[in-house]
Every structure is written in structure tokens, then in C-alpha cells.
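Here is the structure we will look at.
Following this line, the structure appears as C-alpha cells:
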């Protein structure tokens with residue numbers, strides 16, 4: 002197979018991966034607290050699959066591939082999360098909270114795992130009174146979960162996270178941040194956790210402020226994503242055309258050689 006076909010093949014695969022990311026971003030344009038993803042490409046030397054299977058070239062390999070099997074191709078870099086803040090939407094709901102600035106709400110899963118989110122659509126658990134996410138993860142404060150009294154009518158959350166119910170102090174919401182946001186990975190449903198093998202630790206988000214009665218919209222920009230989608234489709238079609246043209250030329254070459262006497 003010609004190098005041009007390999008180059009086009011790898012190029013088509015990377016454009017397909019990019020299209021999947023764009024489609025996912027557009028599907029979450031109305032998802033509260035969603036952070037868009039982006040995909041970067043880099044040119045590197047990559048080996049074919051046979052190289053990984055057997056790093057020592059056999060005689061057959063040397064006959065089939067007399068030249069080096071290393072090719073400069075395009076490789077997809079890990080997905081990058083864009084943590085830019087989305088716009089804040091007024092809901093008027095006392096338990097809807099948005100973060101203005103860099104930071105995350107700290108929540109706890111039923112299994113005791115810590116997670117972090119910008120989605121501040123909280124509810125009161127009718128059984129425990131705890132403020133919970135839609136997945137029933139408890140919102141954590143400085144002294145544990147934030148528990149609201151059953152008969153609480155007027156719940157107030159100040160900008161610095163102090164929670165009161167009918168004038169009585171309930172607790173203070175933890176807002177955390179990290180010195181390297183690349184150390185976070187998605188858990189799904191706008192939740193993040195610390196990647197295994199990283200040494201980042203949560204620290205207080207001193208410059209963040211809570212806006213009660215607001216929710217943070219997705220930071221996806223529809224026009225930007227649509228422009229990227231069009232350019233990606235064109236690039237994919239161009240790669241397909243290279244593969245098709247190369248294949249046709251190879252077939253023509255085979256026919257020409259076959260008719261030579």
C-alpha cells in the first residue's frame with residue numbers, strides 16, 4: 002500500500018475522532034455546567050500494528066517491507082477539557098447555585114468517592130435532608146454534607162458559601178480548585194474526579210463566588226462548533242478522495258503490468 006494511502010487513512014481517522022467530539026459538544030449545548038472538549042493533533046512517528054506485535058523483523062517482514070516501517074503520520078492527542086466559564090442563567094430557585102470564577106462544588110458519591118462539578122442544580126433529599134445532585138451525590142461543606150431542616154422555608158446561600166435556613170446557620174459550602182485542571186477527568190454527567198497517577202490536590206477557591214438562584218450554562222459556542230464541523234467534514238472528504246484515487250491508480254497499474262508482454 003502506498004504511503005499516500007496510509008497518510009490519508011490516518012488523516013480520515015483523526016477527522017472522524019474530531020467529528021465525534023464536535024457532535025458531543027453540540028449535543029450538550031443546553032446541559033448545565035457542561036465543559037466542551039477539544040481535540041488536538043500532532044505529527045509523530047508511529048509504527049504499524051505488526052511492529053507492536055513483533056519488534057524483531059522476520060525475514061518475511063523484510064521482504065514485504067524492505068524499507069523502514071516507520072511513517073510520519075497524524076496521531077490524536079488526549080482530549081482537552083476547556084474549563085472556561087459559561088454564562089449564568091437566572092432560575093429563581095433557592096437551591097440552584099452557580100459559581101462565578103474558577104472553582105468546583107465538592108460532592109460525595111454513595112460509595113464515598115469525592116467528585117467535583119460546576120452543575121449547581123441541587124435538591125433536598127426527602128429522606129436525609131441533604132442537598133444532593135440529580136445523581137443523589139451529597140453536596141459537601143466544611144463539616145460534611147449540607148443538611149437542610151425538613152421545615153426550612155427560607156434558604157439563603159451567601160457569595161462566600163454560608164448556608165442559612167430561616168436565619169439559622171447550617172454550614173458553609175466547600176468551593177475547591179486545582180493548580181492543574183488537566184489532572185481532572187470526566188466521570189459523566191458534568192462530574193469530574195482526579196486522574197489516577199496525578200499528584201494534584203484540591204485547594205480552596207478563594208476567588209470564586211456563589212450566585213444563588215442561578216445556574217451555569219454550557220460553555221459550548223454553537224457557531225464555533227458548526228464552523229469546525231464543516232471544516233472537519235471537508236477534510237474527511239478530502240482524505241477519502243485521496244484513498245479512492247490512490248486505489249484506482251494502483252488498480253490501473255496492475256492492469257497495465259498484466260497486459261505487458
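In our numbering, the protein residues as written are 2 to 262.
Quick reminder that beta carbons are idealized off the backbone N, C-alpha and C, glycines included.
Just so you know, these numbers come straight off a predicted model, no measurement behind them.
Distance, residue 173 Cα to residue 156 Cα: 13 Å
For residue 175 and residue 143, the rounded distance between their alpha carbons: 6 Å
Which whole-angstrom value describes the C-beta separation of residue 89 and residue 101, a residue pair presumed to lie in contact below a C-beta threshold of 8 Å? 7 Å
Can you tell me which of the three DSSP states residue 184 falls into? helix
Please classify residue 53 as buried or exposed, where buried requires at least 16 neighbouring CB atoms within 10 angstroms. With a pLDDT of 44 at residue 53, under the threshold of 50, the predicted position of this residue should be treated as unreliable, though the coordinate-derived value follows. Classification for residue 53: exposed.
Return the first residue and the last residue of the beta strand (DSSP E) that residue 136 is part of. That residue, residue 136, is in no beta strand (DSSP E); it is neither H nor E in DSSP.
Going by the CB atoms, is the gap between residue 193 and residue 91 shorter than 7 Å? no
Return the chain-ordered list of same chain residues with a C-beta closer than 8 Å to the C-beta of residue 38, the five sequence neighbours on each side being excluded. 22, 25, 26, 80, 81, 82, 83
When you compare each of 12, 148, 85 to residue 170 by their alpha carbons, which one comes out closest? 148
Starting from residue 91, follow the beta strand (DSSP E) in both directions and report where the run begins and ends. 89-91
Residues in its own chain within less than 8 Å of residue 111 by CB, not counting five upstream and five downstream? 137, 138
Is the number of C-beta pairs between the stretch 117-128 and the stretch 214-232 that are closer than 8 Å three or more? yes
Please list, in chain order, all residues of the same chain as residue 1 whose beta carbon is under 6 Å from its beta carbon, the five residues on each side excluded. With the chain represented from 2 up to 262, any question about residue 1 goes unanswered, as that position is not in the structure.
Hey, would you say residue 181 sits closer than 7 Å to residue 201, going by beta carbons? yes
With 16 other CB atoms within 10 Å as the buried threshold, where does residue 45 fall? Reliability fails at residue 45, whose pLDDT of 46 lies under 50, so the model's placement of it is uncertain and no value is given.
Residue 83, DSSP secondary structure in three states: coil
Among residues of its own chain, excluding the 5 on either side of residue 160, which ones have a beta-carbon nearer than 6 Å to its beta-carbon? 210, 211
For a quick check, are the C-beta atoms of residue 163 and residue 107 less than 7 Å apart? no
Which residue wins for smallest C-alpha separation from residue 220, given the options 249, 250, 35? 35
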